[in-house]
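Undergrad: My questions will all concern the structure given below.
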Amino acid sequence: MSGALGTPERVEGVRARFDSVGIDAFLVTKAPNLRWLTGFSGSNGLALVTNETVTLVTDARYGVQAAAETATMGFPIEVRITNDPVTELTAGTRTGMRLGIEADDLSVARFQTLDAALDAELMPVSAVVETLRRHKTEAEIALLAEAADMADRAFHQIWGLIGHDLAPGTTERRVAAELDHLIRLAGADGPSFDTIVASGPNGAKPHSRPGDRVLEPGDLVVLDFGARVGGYGSDMTRTVVAGGCPSRRQLELYEAVRVAQQAGVDAVADGVPEVDIDRACRTVLAERGLGDAFTHGTGHGIGLEIHEQPILSTRSVGILHVGLVITVEPGIYLPDFGGIRVEDSVVVTDGGCTPITHSPKGLVPVFQESGTK
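To convert a position in the sequence shown, counted from 1, into my numbering, add 9.
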């Protein structure tokens, strides 16, 4: 992770929440939170945050890596290498300390181990770090935009495999593998999540997994994918027609989703209730008799996780703020027809939003000769 991403404000933000959640110290175990707070990207670690210190505990496999990554964060982090993290925590806590633990991450077994070993009072708390991670710095937005650009380039290239040059026997699995390969060739660390390629009736399943179904000319094909750079992942969905010859009904339904998605994007701005973005998309589809076909939330934040705060749905209660990076992704799912989803990622600004995904839309996307934008 680039040193530009780490700032002392991160740990001070965590400490500032101690009183409001009723804790004296905080134990970070969730991997994305650990990376955001300390810079450490290894697979085994935890961090103890007190009012005076930040201590990262990991094992000998990560000694060199942990020292290098934590050194970029702009504030002192003590790295302890051990095969017995509980002992290290015992040394770092005191009797009667109210130790916050990540209620949404820590397993029951690990909780019981810590509870038996520590004299501290374990206090389950939620979203201490996740709330702080909502707002993205300029450096984080730059990484998200870079990842989105790589996915845009991959989409430009994958269209040749699906569109007019569709080869007999092309399967969903092959398209997904090619798309993942193109994402890496574009310079990404890899896909940001398991790529979705859902053709024909499989498109009616929002999170269908690519399988051995062969793409047939005229199939709707939902492509949901992203790239990961420096830990940060992009997210975009485009729906196209295999073979490049859509029917009139496909065009009509696609246009309904496209208009709904644009209505959601147009509603995004600083100070807007999150639920308004969901409502804007649903209203368009309901007016076209497609309200019941939209079966999931309208969007979510992206960052170190592909789904993070805020979540945009009918149950949202928050307010959008400058610096949030969110998706807007309405869709319709018809078992006898297939699925259509259109998704962009945008940065919330004072007067609206700025997209970071730029791939052309349409069942037969038209690319500019100079690139995807």
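Virtual Cβ for every residue (Gly too), placed ideally from N, Cα, C.
Apart from the five residues just before and just after Arg26, which ones in its own chain have a Cβ nearer than 6 Å to its Cβ?
TA: Translated into the one-based positions of the sequence shown, residue 26 becomes position 17. Excluding positions up to five away in sequence, the list reads Val137.
Undergrad: Under 8 Å by Cβ, that's how I've got Asp161 and Asp279 pegged, so tell me the actual separation to the nearest angstrom.
TA: The count along the sequence shown starts at 1 and reaches residue 161 at position 152. The count along the sequence shown starts at 1 and reaches residue 279 at position 270. So it is not a contact: roughly 26 Å between Cβ atoms.
Undergrad: Measure the alpha-carbon distance for Ala151 versus Asp128 and round it to whole angstroms.
TA: Start at 1 with the first residue of the sequence shown, and residue 151 comes out as number 142. Start at 1 with the first residue of the sequence shown, and residue 128 comes out as number 119. So the alpha carbons of these two residues sit roughly 44 Å apart.
Undergrad: What residue does the alpha helix (DSSP H) around Asp124 start on, and which one ends it?
TA: Counting from one through the sequence shown, the residue named residue 124 turns up at place 115. Counting along the chain, the alpha helix (DSSP H) containing Asp124 begins and ends at Val117 to Ala126.
Undergrad: Using a Cβ-Cβ cutoff of less than 7 Å, which residues in the same chain neighbour Ile320 once the five nearest sequence positions on both sides are dropped?
TA: Taking the sequence shown and counting its residues from 1, one reaches residue 320 at position 311. Correct list, in chain order: Gly306 and His309.
Undergrad: Under the DSSP definition of a beta bridge, which residues are partnered with Ser208?
TA: On the sequence shown, position 199 is the one that residue 208 refers to. In the DSSP output, where bridge partners are listed per residue, Ser208 has Val230.
Undergrad: Leaving aside the five residues before and after Met159 along the sequence, list all residues of the same chain whose C-beta is less than 8 Å from its C-beta, in chain order.
TA: Along the sequence shown, one-based indexing puts residue 159 at 150. Taken in chain order, the residues that qualify are Ile192, Ala195, Gly196, Ala197, Ala236, Val238 and Ser243.
Undergrad: Is the segment 83-102 close to the segment 17-37, with three or more CB pairs under 8 Å?
TA: With a cut-off of 8 Å, the segment 17-37 and the segment 83-102 count as touching, because enough Cβ pairs lie within range.
Undergrad: Once you ignore the five residues that flank Pro133 on each side, which residues in its own chain have a CB closer than 7 Å to its CB?
TA: Your numbering for residue 133 matches position 124 in the sequence shown. Excluding positions up to five away in sequence, the list reads Ile110 and Ala112.
Undergrad: Within 8 Å of any Cβ in chain D, is that where the Cβ of Val266 sits?
TA: No chain D is part of this structure, which consists of one protein chain only.
Undergrad: Considering only the alpha carbon of each residue, which of Leu131, Asp203 and Ala34 lies closest to Gly220?
TA: In the sequence shown, counting from the first residue as 1, residue 220 sits at position 211. That would be Asp203, whose Cα lies nearest to the Cα of Gly220.
Undergrad: Just to confirm before moving on: does the CB-CB distance between Ser354 and Ala157 stay below 8 Å?
TA: The residue labelled residue 354 in the question sits at position 345 within the sequence shown. The residue labelled residue 157 in the question sits at position 148 within the sequence shown. Contact: yes.
Undergrad: Around the Cβ of Cys290, are there at least 16 other Cβ atoms within 10 angstroms (buried) or fewer (exposed)?
TA: Taking the first residue of the sequence shown as 1, we reach residue 290 at position 281. By the 10 Å Cβ count, Cys290 comes out buried.
Undergrad: Compare the beta carbon distance of Leu188 and Ala154 with 8 Å and say whether it is the shorter of the two.
TA: For the purposes of this step, residue 188 is taken as the residue at position 179 of the sequence shown. For the purposes of this step, residue 154 is taken as the residue at position 145 of the sequence shown. No, the Cβ-Cβ distance between Leu188 and Ala154 is not below 8 Å.
Undergrad: Return the Cβ separation of Val58 and Val30 in integer angstroms, given the expectation that the two are a contact with Cβ distance under 8 Å.
TA: On the sequence shown, residue 58 is found 49 positions in, with the first residue counted as 1. On the sequence shown, residue 30 is found 21 positions in, with the first residue counted as 1. About 12 Å; that fails the 8 Å criterion.
Undergrad: Please state whether DSSP places His309 in a helix, a strand or coil.
TA: What you label residue 309 is simply residue 300 of the sequence shown in a count that begins at 1. Looking at His309 - three-state DSSP - the assignment turns out to be strand.
Undergrad: Taking the alpha carbon of Val14 as the reference point, which residue from Leu313, Asp28, Gly340 and Val331 has its own alpha carbon closest?
TA: If you number the sequence shown from 1, residue 14 lands on position 5. The residue asked about is misnamed: residue 14 is Leu in this sequence, not Val. When each option's Cα is compared against that of Leu14, the closest is Leu313.
Undergrad: If you draw a straight line from the alpha carbon of Met245 to that of Thr104, how long is it in whole angstroms?
TA: By 1-based counting over the sequence shown, the position of residue 245 is 236. By 1-based counting over the sequence shown, the position of residue 104 is 95. If I take the Cα positions, the gap works out to 49 Å.
Undergrad: Under the assumption that Gly252 contacts Pro226 (Cβ atoms under 8 Å), give the Cβ distance between them as a whole number of angstroms.
TA: Position 243 of the sequence shown holds residue 252. Position 217 of the sequence shown holds residue 226. Right, the Cβ-Cβ distance comes to about 3 Å (below 8 Å), so this counts as a contact.
Undergrad: Buried or exposed: which applies to Ser116, given that a residue is buried once 16 or more other Cβ atoms fall within 10 Å of its Cβ?
TA: On the sequence shown, position 107 is the one that residue 116 refers to. Ser116 is exposed by the Cβ-count criterion.
Undergrad: What does the alpha-carbon distance come out to for the pair Gln166 and Leu175?
TA: Position 157 of the sequence shown, counted from the start, is the residue given in the question as residue 166. Position 166 of the sequence shown, counted from the start, is the residue given in the question as residue 175. Gln166 and Leu175: Cα-Cα distance of roughly 13 Å.
Undergrad: Is Ser208 buried or exposed, if buried means 16 or more other CB atoms sit within 10 Å of its CB?
TA: The residue given as residue 208 occupies position 199 in the sequence shown. It counts as buried.
Undergrad: So which of Thr336, Thr79, Glu261 and Pro364 has the shortest CA-CA distance to Asp287?
TA: Looking up residue 287 in the sequence shown gives position 278. That would be Thr336, whose Cα lies nearest to the Cα of Asp287.
Undergrad: Secondary structure at Arg267, three-state DSSP: helix, strand or coil?
TA: Residue mapping note: residue 267 aligns to position 258 of the sequence shown, counting from 1. It is helical.
Undergrad: State the DSSP-derived secondary structure class of Asp113, mapped to helix, strand or coil.
TA: Taking the sequence shown and counting its residues from 1, the one referred to as residue 113 is at position 104. Coil.
Undergrad: Considering only the alpha carbon of each residue, which of Pro374, Arg247, Leu224 and Arg222 lies closest to Phe234?
TA: In the sequence shown, the residue the question calls residue 234 occupies position 225. Considering only alpha carbons, the answer is Arg247.
Undergrad: How many Å lie between Val249 and Asp345 at the Cα?
TA: As a first step, residue 249 must be located in the sequence shown, where it is residue number 240. As a first step, residue 345 must be located in the sequence shown, where it is residue number 336. Each residue's alpha carbon lies about 18 Å from the other.
Undergrad: Does Ala265 pass the burial test, meaning 16 or more other C-beta atoms within 10 Å, or should it be called exposed?
TA: Here residue 265 refers to the residue found at position 256 of the sequence shown. Answer is buried; the Cβ neighbour count reaches 16.
Undergrad: So, using beta-carbon positions, are Glu97 and Thr62 closer together than 8 Å?
TA: Within the sequence shown, the letter at position 88 stands for residue 97. Within the sequence shown, the letter at position 53 stands for residue 62. Result no, Cβ atoms of Glu97 and Thr62 do not sit closer than 8 Å.
Undergrad: Quick check on DSSP: helix, strand or coil for Ala100?
TA: Here residue 100 refers to the residue found at position 91 when the sequence shown is read from its first residue. Three-state DSSP puts Ala100 in a helix.
Undergrad: Pick helix, strand or coil for Ile32, following the three-state DSSP scheme.
TA: Translated into the one-based positions of the sequence shown, residue 32 becomes position 23. Looking at Ile32 - three-state DSSP - the assignment turns out to be coil, as it is neither helix nor strand.
Undergrad: Give every residue of the same chain whose Cβ lies closer than 7 Å to the Cβ of Leu262, excluding the five residues on either side of it in the sequence, and list them in chain order.
TA: Stepping through the sequence shown from its first residue, residue 262 is reached at position 253. Closer than 7 Å at the Cβ level, and outside the excluded window around Leu262, lie Ile341 and Ile349.
Undergrad: Determine the extent of the beta strand (DSSP E) in which Leu131 is found, giving its start and end residues.
TA: In the sequence shown, residue 131 corresponds to position 122, counting from 1. Note, Leu131: beta strand (DSSP E), Glu130 to Val134.
Undergrad: Please report the distance separating the alpha-carbon of Gly178 from that of Val331.
TA: Within the sequence shown, residue 178 is the residue found at index 169, counting from 1. Within the sequence shown, residue 331 is the residue found at index 322, counting from 1. Between Gly178 and Val331, the C-alpha separation is close to 47 Å.
Undergrad: Would you list the residues sitting across from Ser354 in a DSSP beta bridge?
TA: By one-based count along the sequence shown, residue 354 stands at place 345. DSSP output for Ser354 lists Thr336 as bridge partner(s).
Undergrad: Comparing C-alpha positions only, which one of Ile171, Gln259, Leu131 and Leu224 sits nearest to Ile32?
TA: Position 23 of the sequence shown, counted from the start, is the residue given in the question as residue 32. Comparing Cα positions, the closest option is Leu131.
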